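Q: Numbering (my numbering), first residue to last: 753 to 1002.
We treat Cβ as the ideally placed atom computed from N, Cα and C, and that holds for glycine.
Bear in mind the structure is a predicted one, so any value in this text is a computation, not a measurement.
Quick one: the structure is below, and I'll ask about it shortly.
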Amino acid sequence: MDITLFQQCIFEFLGTLVLVLMGDGVCAACTLNKSKAQGGGWVVIAFAWGFAVMCGVFIAGPYSGAHLNPAVSIGLALAGTFPWTSVIPYVIAQLAGGFIGAVLVWIYYKYHFEATADNPDGMLGCFCTMPAIDKKWNNLFSEALATFILVFIILAIGTKGNTAHMGDTPIGMGSLGAFPVTCLIIALGMSLGGTTGYAMNPARDLPPRIAHAILPIKGKRDSGWNYSWVPVFGPIIGCAIAAGLYILVY
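Listed below in structure tokens is the structure:
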């Protein structure tokens, strides 16, 4: 059965929605007052974000390739492995999925947000990333480097030796293909996540930030708009460098 671009975008929307629902969900679970998981810590968050990506890949992978991230879509297009005509529709679907996923987190944890009105920074962190030390050019470097590693390794996973090929045609790993990416996300969170919270994905950061800005959250702070450009442009820079290096060395 041929999958239309519209159907692919539906699965990108659903996969990104689940990614953000479960990823922001673990941030809420470990942060908000009266949550049974409060204080779970960075290791729990890093593992859960990896598994959140895995669940999104299971949903969207067979139909859209499960980019779930504008930086991945742009990076693959720059590397010549994804059509440019599909980039804008994919990005729109991903951004929409990220927004709805964040709104669902707020609905799910609504009373816990109300119980955490004394911690506006923590509540913002349940939606989007903010830097541990606000040095924007260094933060931009952090996001660019982490996304470079993400996209370059995703591209490398599909090369001969990592994926079975029949002649020059790659043979997909099916659902097993989600597990290397899961491990990659967990490793990035544990190793490179401490500076900025490793957004690496404009759809994971910008739409939830917008949701934070418009939702009636008791005791919330501003939505960190003076920083919001970093987790958008950092990943785009990183994906472009990853695509260029992939073309050069592969």
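By how many angstroms is the C-alpha of Leu1000 removed from the C-alpha of Ser787?
A: Position 35 of the sequence shown, counting from 1, holds the residue named residue 787. Position 248 of the sequence shown, counting from 1, holds the residue named residue 1000. Going from the Cα of Ser787 to the Cα of Leu1000 covers about 48 Å.
Q: Please classify Trp1060: does DSSP put it in a helix, a strand, or coil?
A: Because the chain in this structure spans residues 753 to 1002, residue 1060 falls outside the shown range and cannot be described.
Q: I need the boundaries of the alpha helix (DSSP H) containing Asn890, first residue and last residue.
A: Within the sequence shown, the letter at position 138 stands for residue 890. Where Asn890 is concerned, the enclosing alpha helix (DSSP H) stretches over 888-909.
Q: Within this structure, are the beta carbons of Ile938 and Gly802 separated by less than 7 Å?
A: On the sequence shown, residue 938 is found 186 positions in, with the first residue counted as 1. On the sequence shown, residue 802 is found 50 positions in, with the first residue counted as 1. Yes, the Cβ-Cβ distance between Ile938 and Gly802 is below 7 Å.
Q: Nearest to Leu907 by alpha carbon, out of Ser825, Phe879, Trp858, Met882?
A: On the sequence shown, residue 907 is found 155 positions in, with the first residue counted as 1. Leu907 has its Cα closest to that of Ser825, out of Ser825, Phe879, Trp858, Met882.
Q: Cβ atoms of Ser894 and Thr947: under 7 Å apart, would you say?
A: Along the sequence shown, read from residue 1 onward, the residue named residue 947 stands at position 195. Along the sequence shown, read from residue 1 onward, the residue named residue 894 stands at position 142. Their beta carbons are under 7 Å apart, which means Thr947 touches Ser894 by this criterion.
Q: Which word fits Asp974, buried or exposed, when buried means at least 16 other C-beta atoms lie within 10 angstroms of its C-beta?
A: For the purposes of this step, residue 974 is taken as residue 222 along the sequence shown, with counting starting at 1. Exposed, since its Cβ has fewer than 16 Cβ neighbours within 10 Å.
Q: In whole angstroms, what separates the C-alpha of Ala800 from that of Asp754?
A: Looking up residue 800 in the sequence shown gives position 48. Looking up residue 754 in the sequence shown gives position 2. If you take the alpha carbons of Ala800 and Asp754, they lie about 33 Å apart.
Q: Contact between the segment 755-774 and the segment 807-824: three or more CB pairs below 8 Å?
A: Judged by Cβ distances under 8 Å, the segment 755-774 makes contact with the segment 807-824, as three or more pairs qualify.
Q: With 16 other CB atoms within 10 Å as the buried threshold, where does Thr934 fall?
A: If you number the sequence shown from 1, residue 934 lands on position 182. Buried, since its Cβ has 16 or more Cβ neighbours within 10 Å.
Q: Expressed to the nearest angstrom, what Euclidean distance is found between the alpha-carbon atoms of Val857 and Leu757?
A: If you number the sequence shown from 1, residue 857 lands on position 105. If you number the sequence shown from 1, residue 757 lands on position 5. Approximately 28 Å, taken between the alpha carbons.
Q: Given a cut-off of 7 Å on the beta-carbon distance, is the pair Pro954 and Pro987 in contact?
A: Translated into positions along the sequence shown, residue 954 becomes position 202. Translated into positions along the sequence shown, residue 987 becomes position 235. Yes, Cβ-Cβ distance for Pro954 and Pro987 is below 7 Å.
Q: Does the segment 890-904 come close enough to the segment 776-793 that 3 or more CB-CB pairs lie under 8 Å?
A: No contact exists between the segment 776-793 and the segment 890-904.
Q: Cutting at 6 Å between CB atoms, please list the residues of its own chain near Ser734, excluding the five before and the five after it.
A: Nothing can be reported for residue 734: it is not among the residues displayed for the chain, which extend from 753 to 1002.
Q: Where does His819 fall in DSSP's three states?
A: In the sequence shown, counting from the first residue as 1, residue 819 sits at position 67. In the structure shown, His819 sits in coil (DSSP, three-state: anything other than H, G, I, E or B).
Q: Taking the straight line between their C-alpha atoms, what separation do you get for Lys970 and His864?
A: Taking the first residue of the sequence shown as position 1, residue 970 is located at position 218. Taking the first residue of the sequence shown as position 1, residue 864 is located at position 112. Going by the C-alpha atoms only, they are around 11 Å apart.
Q: Can you look up Gly986 in the DSSP assignment and give me helix, strand or coil?
A: Taking the sequence shown and counting its residues from 1, the one referred to as residue 986 is at position 234. Here Gly986 sits in helix by DSSP.
Q: In chain order, what residues of the same chain have a beta carbon less than 8 Å from the beta carbon of Thr783, not counting five sequence neighbours either side?
A: Residue numbering aside, residue 783 sits at position 31 when the sequence shown is read from its first letter. Same-chain partners within the cutoff: Gln790, Thr868, Asn871, Gly874, Met875, Gly877, Cys878.
Q: Over the uninterrupted alpha helix (DSSP H) stretch that includes Asp754, give me the two end residues.
A: Translated into positions along the sequence shown, residue 754 becomes position 2. It is not in any alpha helix (DSSP H) - Asp754 carries neither H nor E in the DSSP assignment.
Q: Taking 7 Å as the threshold (C-beta atoms), are Ala854 and Val772 in contact?
A: Sequence index remark: in the sequence shown, residue 772 carries index 20 (1-based). Sequence index remark: in the sequence shown, residue 854 carries index 102 (1-based). Yes, Cβ-Cβ distance for Val772 and Ala854 is below 7 Å.
Q: Could you give the residue range of the alpha helix (DSSP H) that holds Lys788?
A: The residue you call residue 788 lines up with position 36 of the sequence shown. It is not in any alpha helix (DSSP H) - Lys788 carries neither H nor E in the DSSP assignment.
Q: Determine the closest residue to Gly945 out of Gly793, Leu828, Tyr1002, with distance taken between C-alpha atoms.
A: Along the sequence shown, read from residue 1 onward, the residue named residue 945 stands at position 193. Minimum Cα distance to Gly945 is reached at Gly793.
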